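*Asks:* Below you'll find the structure I mean.
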Amino acid sequence: MIKDIVFDFGGVLTLIDSTQAMQRFKELGVQEPEKYINSYLQSGPFFSLENGDITAEEFCEELAKICNRPISYDDAKHAWLGFIVQVQTEFLNFLQQLRPRYRLSVLSNTNPFIQSWARSKEFTATGKSLDDYFDLLFLSYKMNCSKPGEEIYRKMLLEGNMKAEETLFIDDGEHNIAAARKVGINVLKVGNGEDWRDTLAKLLATDK
């Protein structure tokens, strides 16, 4: 029986697109942003940031070297937020129906720039932050590991005191879903921005 439901952040709770982010980083001076940026997994200092290997300040320093100009925290934050097309508030509101029966968590490859926004009152029009909707947040840059590596799933289960067979993970990345399944976690694959509410409700209704 499912007791924990874990949601990916980008693509499941928010509609994402790397196009705008790449354009913003290009405007900062990154000549070929596609070398570093992907909707699911970054590379170079972008990956190091999301994996928790460098701080936000160190990322700005690395980005400054790439761009050959000073990069402020706000510059970097604006560029990173280019990934977010829309916050799916109707999906977040649906979570209130689940919370009395399930513990809800987020497992995300993310970084301090995006989370400084998501965990603030700026996240939704009603002034609610990501923390208001979830019991636990498992963030790659705080865990020092990233999806789709199996380590992050094992850490999540351990730190959250979860049992794999009682956990359902929802993600829009095929590799992330495959890794969770290998660890024994129940999975639900959705598309970026897809309305998963009915599918999830039906799945939980059959979980006896």
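Read the sequence shown against our numbering and you will find it ends at 214, with the numbers running on by one and no gaps.
The beta-carbon is built from N, C-alpha and C at its ideal position, and this holds for glycine as well.
Treat the numbers as computed from the prediction; the structure is a model and nothing was measured.
Just tell me which of G88, C73, E38 has its CA closest to the CA of T25.
*Replies:* The shortest Cα separation from T25 among G88, C73, E38 belongs to G88.
*Asks:* In terms of residue numbering, what span does the beta strand (DSSP E) encompassing N192 cover?
*Replies:* Unbroken beta strand (DSSP E) run through N192: 192-195.
*Asks:* State the Cα-Cα distance for the pair D204 and E172, rounded to the nearest angstrom.
*Replies:* Going from the Cα of D204 to the Cα of E172 covers about 20 Å.
*Asks:* Using the beta-carbon count (16 or more within 10 Å), is N182 buried or exposed?
*Replies:* Counting Cβ neighbours within 10 Å, N182 comes out buried, since at least 16 surround it.
*Asks:* According to DSSP, simplified to helix, strand and coil, what is Q92?
*Replies:* Of the three classes helix, strand and coil, the one that applies to Q92 here is strand, per DSSP.
*Asks:* Could you check whether V12 and L113 sit closer than 8 Å to each other, using their CB atoms as the reference points?
*Replies:* Cβ atoms of L113 and V12: closer than 8 Å.
*Asks:* Where does R109 sit, in a helix, a strand or coil, going by DSSP?
*Replies:* Here R109 sits in strand by DSSP.
*Asks:* Output the boundary residues of the beta strand (DSSP E) element that contains I11.
*Replies:* Counting along the chain, the beta strand (DSSP E) containing I11 begins and ends at 10-13.
*Asks:* Tell me whether S49 is buried or exposed, calling it buried when 16 or more other Cβ atoms sit within 10 Å of its Cβ.
*Replies:* So S49 counts as exposed.
*Asks:* So what's D177 in DSSP terms, helix, strand or just coil?
*Replies:* It is a strand residue.
*Asks:* Should the stretch 36-44 be called in touch with the stretch 58-66, which here means at least 3 C-beta pairs below 8 Å?
*Replies:* Counting Cβ pairs under 8 Å, fewer than three are found: no touch.
*Asks:* Skipping 5 residues on each side, what residues in its chain have a beta carbon closer than 8 Å to that of A184?
*Replies:* If we look at A184 and ignore the five residues flanking it on each side, its Cβ neighbours are P154.
*Asks:* For P51 and G179, I'd like the C-alpha separation in whole angstroms.
*Replies:* Approximately 22 Å between the Cα atoms of the pair.
*Asks:* At the level of alpha carbons, what is the spacing between L110 and N74?
*Replies:* Their Cα atoms are separated by approximately 43 Å.
*Asks:* Use the C-beta contact count for N192: other C-beta atoms within 10 angstroms, 16 or more gives buried, fewer gives exposed.
*Replies:* Looking at its Cβ environment, which holds 16 or more other Cβ atoms inside 10 Å, N192 is buried.
*Asks:* Along the chain, where does the alpha helix (DSSP H) that runs through L210 open and close?
*Replies:* That run of the alpha helix (DSSP H) goes 203-211.
*Asks:* Between the Cα of I77 and those of F15, L34, D201, N117, spot the shortest distance and give me the residue it belongs to.
*Replies:* Ranking F15, L34, D201, N117 by Cα distance to I77 puts L34 first.
*Asks:* On the three-pair Cβ rule with 8 Å, is the stretch 153-170 touching the stretch 129-139?
*Replies:* Cβ pair count under 8 Å is below three, so no.
*Asks:* When the Cα of G197 is compared with those of D10, I22, M7, I8, which residue comes out closest?
*Replies:* Among D10, I22, M7, I8, the Cα nearest to that of G197 is on I22.
*Asks:* What's the C-alpha gap between L95 and Q37?
*Replies:* The question names Leu, but residue 95 in the sequence shown is Thr. Distance between the alpha carbons of T95 and Q37: 35 Å.
*Asks:* Count the other CB atoms within 10 Å of the CB of N167; is the residue buried (16 or more) or exposed (fewer)?
*Replies:* Counting Cβ neighbours within 10 Å, N167 comes out exposed, since fewer than 16 surround it.
*Asks:* Considering only their Cβ atoms, is the gap separating Y139 from I8 smaller than 8 Å?
*Replies:* Contact: no.
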